[in-house]
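Engineer: Would you mind keeping the following structure in view while I ask a few things?
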């Protein structure tokens with residue numbers, strides 16, 4: 083009885099569709115960031131995790147910074163799509179809903195949260211931190227808009243000033259809770275006592 087031909091038995095590697103490998107790289111990077119005690123994620127470690135060469139990574143991304151930019155784009159698209167939906171509904175307490183949404187997103191995506199608070203961007207390209215700063219500036223602007231509308235509805239004598247102060251406080255709250263989540267090794271959830279905390283700022 084002859085031995086089976088190894089070449090016949092060896093399963094063929096399925097070719098990925100366009101964009102699938104890129105998506106796989108980003109998902110793996112985000113998953114690796116979910117280990118807060120891990121060493122800095124390098125392209126060598128990422129390639130090893132994926133079972134490919136570093137050259138294979140660079141066929142989809144020009145640099146590691148570009149990979150992080152793609153993660154930030156995902157954060158922006160997800161958060162601001164939901165922000166726009168909340169604004170469009172013009173419901174009461176829209177600002178609180180927006181804050182709760184970002185905290186829930188952070189809790190469900192710990193790796194992304196490390197990007198949001200800059201923890202994963204240490205020693206990376208400076209423009210990545212600038213991009214995250216712009217993300218929070220844009221979120222604060224969206225909060226100011228709905229808070230000003232709420233203040234005007236209450237006939238506040240200084241709706242613009244009130245909206246600026248409250249929006250800044252809410253963004254500081256979001257950043258602080260996300261940082262605590264990361265520093266605790268994802269044990270202290272950003273949504274803990276969420277309603278009570280937002281009530282204090284209402």
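Numbering (our numbering), first residue to last: 83 to 284.
Don't be surprised by glycine CBs; every beta carbon is placed ideally from N, CA and C.
(1) Are the segment 251-259 and the segment 212-230 in contact at 8 Å, needing three or more beta carbon pairs?
(2) Going by beta carbon distance, what residues of the same chain come within less than 7 Å of residue 142, once the five residues before and after it are set aside?
(3) Alpha carbon to alpha carbon, how far is residue 279 from residue 248? Give it in angstroms, no decimals.
(4) Let me check understanding here. Comparing Cα to Cα, which of 175, 129, 187, 199 lies closest to residue 277?
(5) When you compare the segment 131-145 with the segment 185-201, are there three or more beta-carbon pairs, one atom per stretch, that lie closer than 8 Å?
(6) Nearest by alpha-carbon distance to residue 230: which of 172, 275, 263 is it?
(7) Quick one: grab the DSSP three-state call for residue 237.
(8) Is it right to say residue 184 is buried, meaning 16 or more other beta carbons lie within 10 angstroms of its own, or is it exposed?
(9) Just the Cα atoms here: how many angstroms apart are residue 150 and residue 210?
(10) Exposed or buried, which one is residue 192 when buried takes at least 16 other CB atoms within 10 Å?
(11) Could you tell me if residue 272 is buried or exposed, where buried requires 16 or more neighbouring beta carbons within 10 angstroms of its beta carbon?
(12) On the criterion of 16 or more Cβ atoms from any shown chain inside 10 Å, does residue 139 qualify as buried, or is it exposed?
(13) Can you check the segment 143-195 for any alpha helix (DSSP H) of at least 4 residues that lies completely inside it and give the ranges in chain order?
(14) Ends of the alpha helix (DSSP H) at residue 126?
(15) Compare the C-alpha of residue 179 against each of 189, 164, 188 and name the closest.
(16) Could you have a look at residue 232 and say whether DSSP puts it in helix, strand or coil?
(17) Does the Cβ of residue 170 have 16 or more other Cβ atoms within 10 Å, making it buried, or fewer, making it exposed?
(18) Between residue 268 and the rest of its own chain, which residues show a CB-CB distance below 6 Å, the 5 nearest in sequence each way excluded?
(19) Can you tell me where the alpha helix (DSSP H) with residue 46 in it begins and where it stops?
Structural biologist: This is what the structure holds:
(1) Below 8 Å, enough C-beta pairs join the segment 251-259 and the segment 212-230 to call them touching: three or more.
(2) Around residue 142: 103, 104, 107.
(3) Rounded to whole angstroms, residue 248 to residue 279 spans 13 Å at the Cα level.
(4) Selected option, being the one with the closest Cα: 175.
(5) Result no; under three Cβ-Cβ pairs closer than 8 Å.
(6) The shortest C-alpha separation from residue 230 is found at 172.
(7) If DSSP states are grouped into helix, strand and coil, residue 237 belongs with coil.
(8) Residue burial annotation: residue 184 is buried, with at least 16 other C-beta atoms found within 10 angstroms of its C-beta.
(9) About 7 Å.
(10) Burial state of residue 192 is buried, judged by a 10 Å Cβ sphere holding 16 or more other Cβ atoms.
(11) Residue burial annotation: residue 272 is buried, with at least 16 other C-beta atoms found within 10 angstroms of its C-beta.
(12) Around the Cβ of residue 139, a 10 Å sphere holds 16 or more other Cβ atoms; the residue is buried.
(13) List check, alpha helix (DSSP H) in window: 146-171, 176-190.
(14) 125-132 is the span of the alpha helix (DSSP H), which, as asked, contains residue 126.
(15) It is 164 whose Cα lies nearest to the Cα of residue 179.
(16) Here residue 232 carries a helix assignment [DSSP, helix/strand/coil].
(17) Here residue 170 is exposed, its C-beta having fewer than 16 other C-beta atoms within 10 Å.
(18) So the qualifying residues of the chain are 192.
(19) For the chain, the structure presents residues 83 to 284; residue 46 sits outside this window and is missing.
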